[in-house]
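In the working numbering, the protein residues as written are -3 to 214.
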């Protein structure tokens, strides 16, 4: 039987993005954020299809895992996430967050059914590994209808506050209403999932994101 998955660190957490690191000094950069006291590291995986950019795959995740015991919060911005679940889990990811839109249209009943089926299959495939499961939503996607059906089975919900694919974009303040709505839904349903926001966060935007209900900031 597999060991229990690691819990997502409690409380308000900042998860530095690996994409902001100097990859020529990656070990040094990771030790720097460890020294700063962070508990999570956010890994953005892009395939050039789901988003118009390419980053890295399981070998780099495995190298990071050999370097640190930080919780590896791994965000799969890829077209076919089920195919790559096992390689990333074997590489040492602690959490795999999949985009709802990679499975279907969250705005239609048929699409929500396909997404729910995809998440159930993802959960089944991750059972042998110490790996948790999350879901992510593009800014244009309303998450509430889908989360009403699947939210109780998730470990994390990620609301994008920029369009996924590139760093350095401006924070989309309109997404805070969605963060607040998801936070209200999880509290009302008694869910234990964490609520993460990703994109455009800094001194001016972190406070409003936390006030809206976010507890993990990328």
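Every residue gets a Cβ at the ideal spot worked out from N, C-alpha and C, and that includes glycine.
If you drop the 5 nearest sequence neighbours on each side, which residues of the same chain put their C-beta closer than 7 angstroms to that of residue i?
i: residue 143; result: 153, 178 and 181
i: residue 8; result: 206 and 211
Consult DSSP for residue i and reduce its assignment to one of helix, strand or coil.
i: residue -1; result: coil
i: residue 31; result: helix
i: residue 9; result: strand
i: residue 120; result: helix
i: residue 169; result: helix
i: residue 128; result: strand
i: residue 19; result: helix
Got a sec: is the Cβ-Cβ distance from residue i to anything in chain D below 8 angstroms?
i: residue 125; result: No chain D is part of this structure, which consists of one protein chain only.
I believe residue i touches residue j by the beta-carbon criterion, under 8 angstroms. Please report the beta-carbon distance rounded to the nearest angstrom.
i: residue 128; j: residue 91; result: 4 angstroms
i: residue 135; j: residue 165; result: Contact flag wrong, Cβ pair sits at about 10 angstroms.
i: residue 11; j: residue 57; result: 15 angstroms between Cβ atoms; not a contact.
Where residue i and residue j are concerned, what is the direct C-alpha to C-alpha distance, given to the nearest angstrom?
i: residue 174; j: residue 207; result: 12 angstroms
i: residue -3; j: residue 132; result: Here residue -3 scores only 43 on pLDDT, less than 50, and its place in the model should not be relied on; the value that follows carries that caveat. C-alpha separation (whole angstroms): 29 angstroms.
i: residue 188; j: residue 151; result: 7 angstroms
i: residue 97; j: residue 44; result: 15 angstroms
i: residue 111; j: residue 34; result: 32 angstroms
i: residue 215; j: residue 1; result: With the chain covering only -3 through 214, there is no way to say anything about residue 215.
i: residue 18; j: residue 25; result: 7 angstroms
i: residue 215; j: residue 87; result: Nothing can be reported for residue 215, as the shown portion of the chain is limited to -3 through 214.
Here's a check: name, in chain order, each residue in its chain whose Cβ is nearer than 8 angstroms to the Cβ of residue i, leaving out the five neighbours to either side.
i: residue 118; result: 77, 78, 81, 92, 94 and 129
Below 6 angstroms CB to CB, which residues in the same chain sit around residue i once its five sequence neighbours on both sides are set aside?
i: residue 209; result: 175, 176, 179 and 191
Check your understanding: Quick one: any contact between the segment 112 to 132 and the segment 28 to 41, if contact means 3 or more CB pairs under 8 angstroms?
Key -> no
**Study point:** Sufficient close CB pairs (3 or more, under 8 angstroms) joining the segment 194 to 214 to the segment 82 to 91
**Key:** At 8 angstroms Cβ cutoff, the stretches do not touch.
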